[in-house]
Every structure is written in structure tokens, then in C-alpha cells.
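> Once you've had a glance at the structure underneath, I'll fire off some questions.
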Amino acid sequence: MNTASLKSMQTDLPDQGTLQLYVLSSIRNQPVEDASVQISYTGDPDSVIEEVKTDSNGMIPKIQLPTPPLEYSMSPSEYQPYSEYTFRISKDGFENLDISGAEILPNTTAIQRAVLAPQTAPGTFEDIVIPAHTLYGEYPEKIPEAEIKPMDTSGEIVLSRVVIPEYVVVHNGSPNDSSAKDYYVRYRDYIKNVASSEIYATWPDNTIRANVLAIMSFTLNRVYTEWYRNHH
């Protein structure tokens, strides 16, 4: 992207958010030093607006990036309240990694974790596409559930006590889709990821806290009642 069009983009997007990105190796989660990180607008991924290197901790310098106005995320709006960026990450000996659709909101810091896999063949790369935020994108309705759950299922219905699990099993599809994969995700990462997908970081702290408590309560209810008993 040339300087004139970048200045135009910055004029169109008057506010700014902060990007904090760090790169790890998939082997023992070691930081990757001197990795190249190219940043572009997702709508124009071949026009690089920033190119930086990671330090010995795998971190890039914090970068300010243009965003839409803050008020777009404070009430329902037809305007997209975040900017979408693409990160192209490369390092000799590792597969290239593209992360596209990363959402940057105004006056907040977005933290992006990037994991590089050792290269097994020339020219291989991984492409991760982050879908639209659930408050902005068009998604199917939630599957309706009865408020009173049936208790006539054989086997143990509830655990003996409420526990905070270290991992939760995430079924990557409808509960009825047995072909979808199951993933073990750390509980704290699961809560963080759901919150990032369902609420905006620009909201007041108490609003975020209330939403995170609701997400935790819902998740622990599913664990406590063993609601998805067929997916172990």
C-alpha cells in the first residue's frame, strides 16, 4: 500500500488500537527470535503496511493500528466496529503462517499468539482465518433447549461437586455431528477465546466482568451436569 492510500485509510479510521503479537515454536512452546512479521489490511493482504522482527522473547514491538470510531462498538451498529488485519509470519526452518481477519478494536490491546511448526517440506504454510465476531457477523440461531432438563437418563447426572477443570473438550460442530473433531482446550484459554468472540474489549470493565462470569457459569454447568455425555 502506498503512502497516499495508507494516509487515506488512517483518515477514514480515526481511532487506533494496539497490537501485541508473539511467536512461539510448536516444539515446547519456545519463543522464536528474529521471525519476520508482515502486517497488512485483510482486504488488501499483498500491501504490507508494517514489517517487524521478533525479539529474544518472540515478541514484536507494540504497534498502533487504525480502527473505526469507538462508538461503533458501544451499541448495535450497522458499521463494523473493528479493523481486520492479516499477519504473515516467516522464519527459516519453520512453515510460513498466515493469520487473517484478526480484529483490532480502538483504545484496546489485541494479543495475538502465533505458533510456527517446523518445516517438513519446501513451500509449506499454514493459513488461519479468524471468522467475523459473533456480535457483527451473521450466524445461525442457538439450538433451543428446555429450561428444565430431563433427569431420566441412565448413569450419573451430575458430578459430586462443582470443579474447575484444567481442560474442556470442545466439539468443533453441532452436538449431533459425530464427524466433527473434539479438541482438548485449557479451561482458561477456552473462557478467554469465548469472551473474545462474544463481547467487545472496548466495553466497561464491569460489563466485561459480568459477561465473563456468565460464560464461566454456563461452561461449568455443562461440566457439572455432564451435559454432553456422548462426547468424551
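With our numbering applied, the sequence shown covers 288 to 519. All C-beta atoms, glycine included, are put in the ideal place defined by N, C-alpha and C. Here the structure is a predicted model, which means the values were calculated and not measured.
Which one or two residues does DSSP pair with Q307 in a beta bridge?
Reading the sequence shown from its first residue, position 20 is the one you call residue 307. Answer is I398.
> Find out if the Cβ-Cβ distance for the pair A389, Y369 is shorter than 7 Å.
The residue you call residue 389 lines up with position 102 of the sequence shown. The residue you call residue 369 lines up with position 82 of the sequence shown. In this structure, Y369 does not lie closer than 7 Å to A389 by Cβ.
> From P413 to Y477, what distance separates their C-alpha atoms?
Within the sequence shown, residue 413 is the residue found at index 126, counting from 1. Within the sequence shown, residue 477 is the residue found at index 190, counting from 1. Pro is not the amino acid found at residue 413; the sequence shown has Glu there. Using only the alpha carbons, I get a separation of about 22 Å.
> When you compare each of Q406, S461 and L507 to P427 by their alpha carbons, which one comes out closest?
To locate residue 427, count along the sequence shown from 1; it is residue 140. Comparing Cα positions, the closest option is S461.
> With a cut-off of 8 Å on the beta carbons, I'd call V310 and A404 a contact; round off their distance for me.
In the sequence shown, residue 310 corresponds to position 23, counting from 1. In the sequence shown, residue 404 corresponds to position 117, counting from 1. 12 Å between Cβ atoms; not a contact.
> If you drop the 5 nearest sequence neighbours on each side, which residues of the same chain put their C-beta closer than 6 Å to that of Q325?
Here residue 325 refers to the residue found at position 38 of the sequence shown. Closer than 6 Å at the Cβ level, and outside the excluded window around Q325, lie V335, E338 and R375.
> Using the Cβ count rule (16 or more neighbours within 10 Å means buried), how would you classify L392?
For this step, residue 392 is matched to residue 105 along the sequence shown. Classification of L392: buried, given that the 10 Å Cβ count is 16 or more.
> Does DSSP classify S295 as helix, strand or coil?
Indexing the sequence shown from 1 puts residue 295 at position 8. A caution first: S295 carries a pLDDT of 47, below 50, which makes its placement in the model too unreliable to give a value.
> Rounded to whole angstroms, what's the CA-CA distance from M346 to S447? Just pull it up for me.
Position 59 of the sequence shown holds residue 346. Position 160 of the sequence shown holds residue 447. Answer to the nearest angstrom: the Cα atoms are 43 Å apart.
> Assuming the contact rule is C-beta atoms closer than 8 Å, A482 and V499 should be a hit. Round their C-beta distance to whole Å, please.
Residue mapping note: residue 482 aligns to position 195 of the sequence shown, counting from 1. Residue mapping note: residue 499 aligns to position 212 of the sequence shown, counting from 1. Yes, they are in contact, since the Cβ atoms of A482 and V499 sit about 5 Å apart, within 8 Å.
> At the level of alpha carbons, what is the spacing between P418 and S312?
The residue given as residue 418 occupies position 131 in the sequence shown. The residue given as residue 312 occupies position 25 in the sequence shown. Going by the C-alpha atoms only, they are around 24 Å apart.
> Taking only runs that begin and end inside the stretch 424 to 495, name each unbroken beta strand (DSSP E) of 3 or more residues, in chain order.
Complete beta strand (DSSP E) runs here, min 3: 454 to 458 and 469 to 473.
> Quick one: does K479 have its CB under 7 Å from some CB of chain D?
The question asks about chain D, but that chain is absent: this structure has only one protein chain.
> How about A322 and K378: do their beta carbons lie closer than 7 Å?
As a first step, residue 322 is located in the sequence shown; it is residue number 35 there, counting from the start. As a first step, residue 378 is located in the sequence shown; it is residue number 91 there, counting from the start. Closer than 7 Å, so yes.
> Quick one, are the C-beta atoms of T411 and E382 less than 7 Å apart?
Your numbering for residue 411 matches position 124 in the sequence shown. Your numbering for residue 382 matches position 95 in the sequence shown. Cβ atoms of T411 and E382: closer than 7 Å.
> With H, G and I counted as helix, E and B as strand and the rest as coil, what does DSSP make of R509?
Here residue 509 refers to the residue found at position 222 of the sequence shown. R509 falls in the helix class under three-state DSSP.
> I believe T489 touches M361 by the beta-carbon criterion, under 8 Å. Please report the beta-carbon distance rounded to the nearest angstrom.
Along the sequence shown, one-based indexing puts residue 489 at 202. Along the sequence shown, one-based indexing puts residue 361 at 74. 7 Å between Cβ atoms; contact.
> Below 8 Å CB to CB, which residues in the same chain sit around Q406 once its five sequence neighbours on both sides are set aside?
Position 119 of the sequence shown holds residue 406. The residues are G380, F381 and E382.
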